[in-house]
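Enquirer: Before I ask anything, let me first share the structure, which is written out below as structure tokens.
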Amino acid sequence: MLRRLASMLIVLFCVVSITFFLIRLSPGGPFDAERKIPAAIEKQLLAKYKLDGPILTQYTGYLGDLLHGDLRLSTKYRNRSVNEILAQTLPVTLTLGSAAFLLAVLAGLWFGAFAAARPGSITESMALALTLVSISLPSFVLGPLLILIFSIKLAWLPVGGWGTLQQLILPSITLAIPFASVIARLLHDSLRETLVEDFIRTARSKGLSEVRVIYGHALRVAILPVVSYLGPLAANLLTGSIVVETIFHIPGAGGFFVNSILNRDGFLLGGVVIVYCVLLMIFNLIVDLSYRLLDRRIKS
Amino acid sequence: MSLYLPKKSRLPFLALSVMVLTVILGPFLFPPSYALPGAMTYAPPSLAHLCGTDLNGRDLLLRILEGGRISLLVGICGAAISLLIGTSYGLVAGSARTGIDQGMMRVVDILYSVPRLIFILIFINSFNERLQLTASAHGWDWLVGSSRLVILILSLGIIEWLTMARIVRGQTLMLRERSYVAAARVLGEGYWTILWRHLLPNLAGIVLVYLTLAIPSVIIDEAFLSFLGLGVQAPQSSWGSLLSEGATSINPLRGAWWLLLFPSLALLTTLLALYNLGDALRRSIGAKGN
Chain A
1 MLRRLASMLI
11 VLFCVVSITF
21 FLIRLSPGGP
31 FDAERKIPAA
41 IEKQLLAKYK
51 LDGPILTQYT
61 GYLGDLLHGD
71 LRLSTKYRNR
81 SVNEILAQTL
91 PVTLTLGSAA
101 FLLAVLAGLW
111 FGAFAAARPG
121 SITESMALAL
131 TLVSISLPSF
141 VLGPLLILIF
151 SIKLAWLPVG
161 GWGTLQQLIL
171 PSITLAIPFA
181 SVIARLLHDS
191 LRETLVEDFI
201 RTARSKGLSE
211 VRVIYGHALR
221 VAILPVVSYL
231 GPLAANLLTG
241 SIVVETIFHI
251 PGAGGFFVNS
261 ILNRDGFLLG
271 GVVIVYCVLL
281 MIFNLIVDLS
291 YRLLDRRIKS
Chain B
1001 MSLYLPKKSR
1011 LPFLALSVMV
1021 LTVILGPFLF
1031 PPSYALPGAM
1041 TYAPPSLAHL
1051 CGTDLNGRDL
1061 LLRILEGGRI
1071 SLLVGICGAA
1081 ISLLIGTSYG
1091 LVAGSARTGI
1101 DQGMMRVVDI
1111 LYSVPRLIFI
1121 LIFINSFNER
1131 LQLTASAHGW
1141 DWLVGSSRLV
1151 ILILSLGIIE
1161 WLTMARIVRG
1171 QTLMLRERSY
1181 VAAARVLGEG
1191 YWTILWRHLL
1201 PNLAGIVLVY
1211 LTLAIPSVII
1221 DEAFLSFLGL
1231 GVQAPQSSWG
1241 SLLSEGATSI
1251 NPLRGAWWLL
1261 LFPSLALLTT
1271 LLALYNLGDA
1281 LRRSIGAKGN
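Protein sequence lines correspond, in order, to chains A and B.
Read left to right, the first sequence gives residues 1 to 300 (my numbering).
Read left to right, the second sequence gives residues 1001 to 1290 (my numbering).
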């Protein structure tokens, strides 16, 4: 456990350093895109945003501020600190992400079990083909398609925006579908292997219904590959939400992330990356612990 | 290795070959005016323009074929780079001492759960200008125009090697226990010779299978980057950038559905063919999924 925490800190340190140097060592400063400013003013600006002095001093200064929980000021959205921006946008991204996460896991598990319960049938191969199609469809194609059908043609759901429950539905479906398909395929493959084992035959011979056999007995064993996919899933959802937020005009952290790259807004960029990584590491720790718990129960 | 293809992989292989040939040869069949901006903007599909025209009046079919060249190029080169990195990493990890092996695989686990594409976005942006500056300073004209593409291919290769490393490492662990490896060791062959002469040739099959499965992920990643405006940029286009153009032109005022439909079909066919080919090959050599 302690070793895990130590390695998390090391990874976080690497993440911070890599981001910092990638941004600071690229040619062009954050104030280059605007009209020419006098040298004296630029010097003051650089001093205000702590971008003056040798690069190593800047780096250690940044690390020091981070340790105090200060993610510094954004160079684009003047006078707003990165902490402020993240406090506003992160809850939005996290809500969308968690909704999509739940949806992907539940839909994926159900669909995978549905396909695996019909071995060798046409339904099974159709279901698997469907999952392949939805993995191959980028979310920026799926999103506009769903908008076209459900918002414009049927007028059931809003086109975009944020705040109501209705506005959450389409974005989370768009974000979840490809990953639900990945989970469905994972579960299908491992269920197919599990369903031929002896304890399943025992369960069947006890006269249990197929539903109880699959959900009560087989799923406990077959779910392990899915559990170890949850960590990568969370990372992919955070990445994917950048696109989905753009499509549905959601004021989340993803849009700020893309803009901060284009605007060379280093500290905002760094802030988003650091917070994302911390969240993912905590999540991975939880997944790891629950995996061990599940694994132990099976072994005993 | 013979050119025998397992039964289920023949159709996807055929579809893929047709796609590659059309993409390479197809653009030569069009009159030159089709590539230029024309008066007929947003024309729906017709006999003259089978897939319609885009917002500048260019022929969409021609753009799809040209975009396919870029998408496939990025996919194949990116996957090849990931193969190179993943195979060497997996091979070294699988044949090293347990401690080193576990450390190396722990790194892979960590990288799996880090938003890699996000780092790549930063990487692309900061290195692109640097490369462009270097290229123009040295007078490498070919590189100035396509520096973004080169960076894109490199960086996608850098992030997609993890699965390959896992597979190769698992296979190496299995192969190193075989008697012919022990025999080679008894005969006094060195570590690198054993890797190169005995382990690598036996990994070729599984590596090729996972190459077919890595290409679609690279193509999807490229589409993602291009959609955000950080991938392939005009005047070049890829399926991803065509799709993002199409996605923005779906609105209540103008239903230019063909701009979304035809690039999606091209992308979908290619990806499905690649997935099915990889899947069929994987089953035929009896390998399990990861």
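Every residue gets a Cβ at the ideal spot worked out from N, C-alpha and C, and that includes glycine.
This structure is a prediction, so every number in the text was calculated from the model and none was measured.
Please check if any C-beta of chain A sits within less than 8 Å of the C-beta of residue 1300(B).
Expert: This structure does not reach residue 1300(B), given that chain B is present from 1001 up to 1290, and the question cannot be answered.
Enquirer: Please list the terminal residues of the continuous alpha helix (DSSP H) segment that includes residue 1291(B).
Expert: The requested residue 1291(B) does not occur in the structure, where chain B is confined to residues 1001 to 1290.
Enquirer: Roughly how many angstroms separate the alpha carbons of residue 251(A) and residue 258(A), rounded to a whole number?
Expert: Start at 1 with the first residue of the first sequence, and residue 251(A) comes out as number 251. Start at 1 with the first residue of the first sequence, and residue 258(A) comes out as number 258. Distance between the alpha carbons of residue 251(A) and residue 258(A): 12 Å.
Enquirer: DSSP state of residue 1187(B), grouped into three classes?
Expert: Indexing the second sequence from 1 puts residue 1187(B) at position 187. In this structure, residue 1187(B) counts as coil in the three-state DSSP scheme.
Enquirer: Nearest to residue 173(A) by alpha carbon, out of 232(A), 247(A), 128(A) and 278(A)?
Expert: Here residue 173(A) corresponds to residue number 173 of the first sequence, with the count starting at 1. For residue 173(A), the nearest C-alpha among the options comes from 247(A).
Enquirer: Which same chain residues end up closer than 6 Å to residue 107(A) when comparing Cβ atoms and leaving out the 5 residues on each side of it in sequence?
Expert: To locate residue 107(A), count along the first sequence from 1; it is residue 107. Excluding positions up to five away in sequence, the list reads 180.
Enquirer: Taking residue 1216(B) as the query, report the chain A residues whose CB atoms sit under 8 Å from its CB, ordered along the chain.
Expert: Position 216 of the second sequence, counting from 1, holds the residue named residue 1216(B). Within 8 Å Cβ-Cβ: 136.
Enquirer: Would you be able to state if there are at least three C-beta pairs under 8 Å between the region 1082-1097 of chain B and the region 1233-1244 of chain B?
Expert: The region 1233-1244 of chain B, when compared against the region 1082-1097 of chain B, does not touch it at the 8 Å Cβ threshold.
Enquirer: Can you give me, in chain order, the residues of the region 1121-1135 of chain B that have a beta carbon less than 8 Å from any beta carbon in chain A?
Expert: Flagged, chain order: 1121, 1122, 1123, 1125, 1126, 1127, 1129, 1130 and 1133.
Enquirer: Can you tell me whether residue 228(A) is helix, strand or coil according to DSSP?
Expert: Start at 1 with the first residue of the first sequence, and residue 228(A) comes out as number 228. In the structure shown, residue 228(A) sits in a helix (DSSP, three-state: H, G or I).
Enquirer: Where do the ends of the alpha helix (DSSP H) carrying residue 208(A) lie?
Expert: Start at 1 with the first residue of the first sequence, and residue 208(A) comes out as number 208. Neither: residue 208(A) is in no alpha helix (DSSP H) and is coded neither H nor E.
Enquirer: Examine chain B for any beta-carbon lying closer than 8 Å to the beta-carbon of residue 227(A), and answer yes or no.
Expert: Within the first sequence, the letter at position 227 stands for residue 227(A). No, because no Cβ of chain B sits closer than 8 Å to the Cβ of residue 227(A).
Enquirer: From what residue to what residue does the alpha helix (DSSP H) around residue 1295(B) run?
Expert: There is no way to answer for residue 1295(B), as the model of chain B reaches only from 1001 to 1290.
Enquirer: Are any of the Cβ atoms in chain A nearer than 8 Å to that of residue 1089(B)?
Expert: Reading the second sequence from its first residue, position 89 is the one you call residue 1089(B). Output row for residue 1089(B): interface = no.
Enquirer: Beta-carbon of residue 284(A) versus every beta-carbon of chain B: anything under 8 Å?
Expert: As a first step, residue 284(A) is located in the first sequence; it is residue number 284 there, counting from the start. With 8 Å as the cut-off, residue 284(A) counts as an interface residue toward chain B.
Enquirer: Could you tell me whether the Cβ of residue 1153(B) comes closer than 8 Å to any Cβ of chain A?
Expert: As a first step, residue 1153(B) is located in the second sequence; it is residue number 153 there, counting from the start. Chain A, which has no Cβ nearer than 8 Å to the Cβ of residue 1153(B), makes this no.
Enquirer: Among the residues of its own chain, which have a CB less than 7 Å from the CB of residue 1247(B), if the five just before and after it don't count?
Expert: If you number the second sequence from 1, residue 1247(B) lands on position 247. Within the same chain, residue 1247(B) has close Cβ partners 1260.
Enquirer: Between the alpha carbons of residue 1024(B) and residue 1065(B), how many angstroms are there, rounded?
Expert: Looking up residue 1024(B) in the second sequence gives position 24. Looking up residue 1065(B) in the second sequence gives position 65. About 8 Å.
Enquirer: Which residue wins for smallest C-alpha separation from residue 1180(B), given the options 1009(B), 1240(B) and 1202(B)?
Expert: Here the question's residue 1180(B) lines up with position 180 in the second sequence. Of 1009(B), 1240(B) and 1202(B), the residue nearest in Cα terms is 1202(B).
Enquirer: Which of the three DSSP states, helix, strand or coil, is assigned to residue 73(A)?
Expert: Position 73 of the first sequence, counting from 1, holds the residue named residue 73(A). Correct three-state label for residue 73(A): strand.
Enquirer: Beta-carbon within less than 6 Å of residue 1096(B)'s beta-carbon, same chain only, minus the 5 sequence neighbours each way: which residues are those?
Expert: Indexing the second sequence from 1 puts residue 1096(B) at position 96. Cβ neighbours of residue 1096(B) beyond the five flanking positions: none.
Enquirer: Here's a check: name, in chain order, each residue in its chain whose Cβ is nearer than 8 Å to the Cβ of residue 1191(B), leaving out the five neighbours to either side.
Expert: Locating residue 1191(B) in the second sequence gives position 191, counting from the first residue. Answer for residue 1191(B): 1095, listed in chain order.
Enquirer: Buried or exposed: where does residue 1238(B) fall if 16 or more other Cβ atoms within 10 Å of its Cβ makes it buried?
Expert: Position 238 of the second sequence, counting from 1, holds the residue named residue 1238(B). By the neighbour-count rule (16 or more Cβ atoms within 10 Å), residue 1238(B) is buried.
Enquirer: Residues in its own chain within less than 8 Å of residue 1276(B) by CB, not counting five upstream and five downstream?
Expert: Numbered from 1 along the second sequence, position 276 holds the residue referred to as residue 1276(B). The answer, listed in chain order, is 1008, 1009, 1011 and 1012.
Enquirer: Would you kindly work out how many angstroms separate the C-alpha atoms of residue 58(A) and residue 1188(B), rounded to a whole number?
Expert: Counting from one through the first sequence, the residue named residue 58(A) turns up at place 58. Counting from one through the second sequence, the residue named residue 1188(B) turns up at place 188. Those two C-alpha atoms are separated by around 54 Å.
Enquirer: 8 Å is my cut-off, CB to CB: does residue 1082(B) come that close to chain A?
Expert: Start at 1 with the first residue of the second sequence, and residue 1082(B) comes out as number 82. Output row for residue 1082(B): interface = no.
Enquirer: What in chain A is Cβ-close to residue 1230(B), meaning under 9 Å?
Expert: Counting from 1 along the second sequence, the entry for residue 1230(B) is found at position 230. Neighbours of residue 1230(B) on chain A, chain order: 258, 261 and 262.
Enquirer: Is the distance from the Cβ of residue 275(A) to the Cβ of residue 256(A) below 8 Å?
Expert: Your numbering for residue 275(A) matches position 275 in the first sequence. Your numbering for residue 256(A) matches position 256 in the first sequence. No.
Enquirer: What do you reckon, are the CB atoms on residue 139(A) and residue 244(A) nearer than 8 Å?
Expert: Taking the first sequence and counting its residues from 1, the one referred to as residue 139(A) is at position 139. Taking the first sequence and counting its residues from 1, the one referred to as residue 244(A) is at position 244. Taking 8 Å as the Cβ cut-off, residue 139(A) and residue 244(A) qualify as a contacting pair.
Enquirer: Measure how close the beta-carbons of residue 4(A) and residue 285(A) come, nearest whole angstrom, since I'm counting them as under 8 Å.
Expert: For the purposes of this step, residue 4(A) is identified with residue 4 of the first sequence, where counting begins at 1. For the purposes of this step, residue 285(A) is identified with residue 285 of the first sequence, where counting begins at 1. About 7 Å; that satisfies the 8 Å criterion.
Enquirer: Using CA coordinates, which residue listed in 1103(B), 1071(B), 1157(B) and 1210(B) is at the minimum distance from residue 1124(B)?
Expert: In the second sequence, counting from the first residue as 1, residue 1124(B) sits at position 124. Per the Cα distances, 1157(B).
Enquirer: Flag this pair as yes or no: are the beta carbons of residue 240(A) and residue 175(A) separated by less than 8 Å?
Expert: Position 240 of the first sequence, counted from the start, is the residue given in the question as residue 240(A). Position 175 of the first sequence, counted from the start, is the residue given in the question as residue 175(A). Against a cut-off of 8 Å, the Cβ pair of residue 175(A) and residue 240(A) comes out as a contact.
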